[in-house]
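J.: Got a structure here, written out as structure tokens. Questions coming.
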Amino acid sequence: MSPILFELLLRSIWETVLMTAASGLISLVFGLPLGLALISTERGGIAESLWVNRVLGAVINGFRSVPFIILLVALIPLTRLIVGTSIGTWAAIVPLSIAATPYYARIAEVSLREVDHGLIEAARAMGGNRWTIIREVLVPEALPGIVAGFTVTLVTLIGASAMAGAIGAGGLGDLAIRYGYQRFETSVMVAVVIVLIILVCGIQWAGDRLVARLDRRG
Amino acid sequence: MNQHFTVTAEAADKAGASPQDVVRLVDLKRRFGATPAIDGISLTVRKGEILGIIGRSGAGKSTLIRCLNGLERPDSGEVFIEGREISRLGERDLQPLRRRIGMIFQHFNLLSAKTVEDNVALPLKIEGRPKAERLARAAELLELVGLSEKAKAYPASLSGGQKQRVGIARALAARPALLLSDEATSALDPETTRSILALLKDINRQLGLTILLITHEMEVIRSIADRVAVIDAGRIVEQGPVWSVFADPQSDITRSLLGAIRPQLPAELAARLLPAAGAETILRVDVAGEAASGPLLSDLATSVPGAFRLVHGGIDHIQQQPVGTLFLSVPGSDASHLAEIITFLKARKARVEVLGHVANPV
Chain A
134 MSPILFELLL RSIWETVLMT AASGLISLVF GLPLGLALIS TERGGIAESL
184 WVNRVLGAVI NGFRSVPFII LLVALIPLTR LIVGTSIGTW AAIVPLSIAA
234 TPYYARIAEV SLREVDHGLI EAARAMGGNR WTIIREVLVP EALPGIVAGF
284 TVTLVTLIGA SAMAGAIGAG GLGDLAIRYG YQRFETSVMV AVVIVLIILV
334 CGIQWAGDRL VARLDRRG
Chain B
166 MNQHFTVTAE AADKAGASPQ DVVRLVDLKR RFGATPAIDG ISLTVRKGEI
216 LGIIGRSGAG KSTLIRCLNG LERPDSGEVF IEGREISRLG ERDLQPLRRR
266 IGMIFQHFNL LSAKTVEDNV ALPLKIEGRP KAERLARAAE LLELVGLSEK
316 AKAYPASLSG GQKQRVGIAR ALAARPALLL SDEATSALDP ETTRSILALL
366 KDINRQLGLT ILLITHEMEV IRSIADRVAV IDAGRIVEQG PVWSVFADPQ
416 SDITRSLLGA IRPQLPAELA ARLLPAAGAE TILRVDVAGE AASGPLLSDL
466 ATSVPGAFRL VHGGIDHIQQ QPVGTLFLSV PGSDASHLAE IITFLKARKA
516 RVEVLGHVAN PV
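Residue numbers (the working numbering), protein chains in the order written: chain A, 134 to 351; chain B, 166 to 527.
This is the structure we're talking about:
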């Protein structure tokens, strides 16, 4: 592989890491509260409101059912509003975050729902309010699942970021298509695949270790 | 630490309108769909006593106990906690009130992500107390329940009995005026149950803490309750001091709940009972209090000439009161002899029931 290609590879790794990390973080910041809102507003939840629950659920399902490549294009006006441009790595972070947030909200919802209802009742019996229940019971008890779900989301984002090449965001997927596939640079293709494997394995390994440390359920 | 509790108890007296009754329920009703879970329950829990509520599963016990701290709302009726009506309070007003009421659960409900001491300290964290105070109080309570060395452990590493001890310590953290126990020993083995009940009794005596417990096990009522209320289909069918309910149960439900722990006629004898007069008559004699503490049988032998035989039975002690059941066998077909025995026993305040006759006594 030529030094130029190698430099391209390094830049692509950085772009992929940047897109994945930034949109992963944003999906965590918005997805977790969304997941909490979903389980809190459902029947028997700590802030039961079936109407809110139904609207939230419908919006999340709506975003999740649009294929990412279409979302990428459809969100161009919004991206331009937020980032100031509709092309490049930073521009890709907007649609990636918007796709990953409802995805992560559903994963967080599943973990949060597994928290034993008896624990919520115990916190209420102690005089705890909703905020106490969220902070002391729901999030800490569901934390292993929340972290494991975040790991899954990051890996999914690495895959989705490959499509971001369509709006000039670069990244490993884009490099593989343009050099490895279209220009028959097999060494680039192999290098990209190896880097992706290392990235995915690394994220999964770190996530698993963190979950094991957090899980006190014995 | 006891001083702390004395002070709190006095404060509770000042706060409550009626210092004797920690809980007063008036005609409480709650239905789920068409089925009433609680169908007009009135009762009081007096300061410092242990009131046991017993019933089969589905009798409405859990709904009832949850009405006391507002986890469940009654459809009608009134709930007074330390003299204050709470059944129509909003969630926000209930929160400070719940801090006056500790609760322990069948499945302990400890937070798996927190250490034992953080679990115990949680009610104080909810109250907004400083960390140093919370940990000091947790240490104090863990010593009380005998788990000081487990302070930094996580609940998953504890046995069921230890978990319930942590549950008890946690329930006491905010110095409650009332402890609610929701089947707290139902998930524990008999030996652990005994040690948990002994701990609750200790706490009741040492700290003067009022305890309301629900259970489906008469053994629990018998070992620690002062008074018992039996509920069935959402109603109280019987209530009174434990020894008197044990000595003289009025309802079928109570009798069936008592079944396993009251003496019964041995099965092989019961199988041979005949309604028609035979060689021997089998009597069931229930005694309690005065009747059980005197020399009943020797007096019977001296006052009424003629033989009788003790077939089965004994005297038990409940709340320091003797309560017993004796099965006597009276030989012969002499009706007047039998009548004399029955008259004598009844005069001594025993309850006598002719169970039947045995043709061929062993």
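We put the beta carbon where it would ideally sit given N, CA and C, even for glycine. Given the structure is predicted, the values throughout are model-derived calculations rather than measurements.
Under the assumption that A:V309 contacts A:V325 (Cβ atoms under 8 angstroms), give the Cβ distance between them as a whole number of angstroms.
T.: As a first step, residue 309 of chain A is located in the first sequence; it is residue number 176 there, counting from the start. As a first step, residue 325 of chain A is located in the first sequence; it is residue number 192 there, counting from the start. Before going on, a small fix: residue 309 of chain A reads as Ala here, not Val. Sure, about 4 angstroms apart at Cβ, within 8 angstroms.
J.: What does the Cβ neighbour count give for A:A352, buried or exposed, with the cut at 16 atoms within 10 Å?
T.: Within the shown structure, residues of chain A are numbered from 134 to 351, placing residue 352 of chain A beyond reach of any answer.
J.: What is the rounded straight-line gap between the Cα of B:A398 and the Cα of B:E256?
T.: By 1-based counting over the second sequence, the position of residue 398 of chain B is 233. By 1-based counting over the second sequence, the position of residue 256 of chain B is 91. Cα to Cα, the separation comes out at about 28 angstroms.
J.: Could you tell me the boundaries of the alpha helix (DSSP H) in which B:H502 lies?
T.: Mapped onto the second sequence, residue 502 of chain B falls at position 337. A500 to A512 is the span of the alpha helix (DSSP H), which, as asked, contains B:H502.
J.: Return the chain-ordered list of same chain residues with a C-beta closer than 8 angstroms to the C-beta of A:E175, the five sequence neighbours on each side being excluded.
T.: Taking the first residue of the first sequence as 1, we reach residue 175 of chain A at position 42. Cβ neighbours of A:E175 beyond the five flanking positions: E181, L183 and N186.
J.: At a CB-CB cut-off below 8 angstroms, which residues of chain B make contact with A:E274?
T.: Position 141 of the first sequence, counting from 1, holds the residue named residue 274 of chain A. By Cβ distance, chain B contributes L276, S277 and A278.
J.: Is there a C-beta anywhere in chain B that falls below 8 angstroms from the one on A:T174?
T.: As a first step, residue 174 of chain A must be located in the first sequence, where it is residue number 41. No - not a single Cβ of chain B is within 8 angstroms of the one on A:T174.
J.: Give me the chain A residues within the contact set of B:F197, using Cβ-Cβ distance strictly less than 7 angstroms, ordered along the chain.
T.: Sequence index remark: in the second sequence, residue 197 of chain B carries index 32 (1-based). Using a Cβ-Cβ cut-off of 7 angstroms, B:F197 is close to nothing in chain A; its nearest Cβ partner there is about 13 angstroms away.
J.: Mind checking which residues open and close the alpha helix (DSSP H) that includes B:K296?
T.: Locating residue 296 of chain B in the second sequence gives position 131, where the first residue counts as 1. Taken as a continuous stretch (DSSP letters only), the alpha helix (DSSP H) holding B:K296 covers K296 to L309.
J.: Suppose contacts are defined by Cβ-Cβ distances below 8 angstroms. Is A:A293 in contact with A:L229 by that definition?
T.: Walking along the first sequence from the start, residue 293 of chain A turns up at place 160. Walking along the first sequence from the start, residue 229 of chain A turns up at place 96. In contact: A:A293 and A:L229 (Cβ atoms closer than 8 angstroms).
J.: Does the distance from the C-beta atom of A:E274 to that of B:A297 stay below 8 angstroms?
T.: Here residue 274 of chain A refers to the residue found at position 141 when the first sequence is read from its first residue. Here residue 297 of chain B refers to the residue found at position 132 when the second sequence is read from its first residue. No, they are not a contact pair.
J.: Put B:H522 into one of helix, strand or coil per three-state DSSP.
T.: Locating residue 522 of chain B in the second sequence gives position 357, counting from the first residue. Correct three-state label for B:H522: strand.
J.: Could you give the C-beta distance for B:G405 and B:R392, rounded to a whole number, given that I count them as a contact under 8 angstroms?
T.: As a working note, residue 405 of chain B is residue 240 in the second sequence. As a working note, residue 392 of chain B is residue 227 in the second sequence. So it is a contact: roughly 7 angstroms between Cβ atoms.
J.: Just the chain B side, please: which residues come within less than 7 angstroms of A:L252 by C-beta, in chain order?
T.: Taking the first sequence and counting its residues from 1, the one referred to as residue 252 of chain A is at position 119. Those are N274 and L276, listed as they occur along chain B.
J.: Leaving out five residues before and five after A:I327 in sequence, what residues of the same chain have Cβ atoms less than 8 angstroms from its Cβ?
T.: Taking the first residue of the first sequence as 1, we reach residue 327 of chain A at position 194. Excluding sequence positions up to five before and after A:I327, its CB lies less than 8 angstroms from no other CB in the same chain.
J.: So that I know if they touch, is there some Cβ in chain A lying closer than 8 angstroms to that of B:I483?
T.: What you label residue 483 of chain B is simply residue 318 of the second sequence in a count that begins at 1. Not closer than 8 angstroms to any Cβ of chain A, the Cβ of B:I483 fails to qualify, so no.
J.: Can at least three beta-carbon pairs, one atom from the segment 464-481 of chain B and one from the segment 490-509 of chain B, be found at a separation below 8 angstroms?
T.: yes
J.: So that I know if they touch, is there some Cβ in chain B lying closer than 8 angstroms to that of A:T218?
T.: Taking the first residue of the first sequence as 1, we reach residue 218 of chain A at position 85. So no, A:T218 is outside the interface.
J.: Could you check the C-alpha separation between B:E247 and B:P341 for me, to the nearest Å?
T.: What you label residue 247 of chain B is simply residue 82 of the second sequence in a count that begins at 1. What you label residue 341 of chain B is simply residue 176 of the second sequence in a count that begins at 1. Approximately 11 angstroms, taken between the alpha carbons.
J.: According to DSSP, is B:T380 part of a helix, a strand, or is it coil?
T.: Here residue 380 of chain B is taken as the residue at index 215 of the second sequence, counted from 1. B:T380: strand per DSSP, three-state reduction.
J.: What is the rounded straight-line gap between the Cα of B:D143 and the Cα of B:S241?
T.: Outside the shown range of chain B (166 to 527) lies residue 143 of chain B, about which nothing can therefore be said.
J.: Are the C-beta of A:E247 and some C-beta of chain B separated by less than 8 angstroms?
T.: The count along the first sequence starts at 1 and reaches residue 247 of chain A at position 114. At a cut-off of 8 angstroms, the C-beta of A:E247 has no neighbouring C-beta in chain B.
J.: Write down every uninterrupted run of the alpha helix (DSSP H) in the segment 271-347 of chain A whose length is 4 residues or greater and which is fully enclosed by it, in chain order.
T.: 272-294, 305-308 and 319-347
J.: Just checking: is the beta-carbon of B:R264 within a distance shorter than 8 angstroms of some beta-carbon in chain A?
T.: Taking the first residue of the second sequence as 1, we reach residue 264 of chain B at position 99. Answer yes: the Cβ-Cβ gap between B:R264 and chain A drops below 8 angstroms somewhere.
J.: Consider the Cβ of A:V325: report whether some Cβ of chain B lies at a distance smaller than 8 angstroms.
T.: Against the first sequence, residue 325 of chain A aligns to sequence position 192. No, because no Cβ of chain B sits closer than 8 angstroms to the Cβ of A:V325.
J.: Should B:L353 and B:V210 be called a contact, given that it needs their Cβ atoms to be closer than 8 angstroms?
T.: Within the second sequence, residue 353 of chain B is the residue found at index 188, counting from 1. Within the second sequence, residue 210 of chain B is the residue found at index 45, counting from 1. Cβ atoms of B:L353 and B:V210: not closer than 8 angstroms.
J.: Output the distance between the C-alpha atoms of A:E148 and A:G178, rounded to the nearest integer angstrom.
T.: As a working note, residue 148 of chain A is residue 15 in the first sequence. As a working note, residue 178 of chain A is residue 45 in the first sequence. Cα to Cα, A:E148 sits roughly 41 angstroms from A:G178.
J.: With a 10 Å radius around its C-beta and 16 neighbouring C-beta atoms as the bar for buried, classify B:P552 as buried or exposed.
T.: This structure does not reach residue 552 of chain B, given that chain B is present from 166 up to 527, and the question cannot be answered.
J.: For the pair the segment 167-174 of chain A and the segment 328-344 of chain A, tell me if three or more CB-CB distances fall below 8 angstroms.
T.: no
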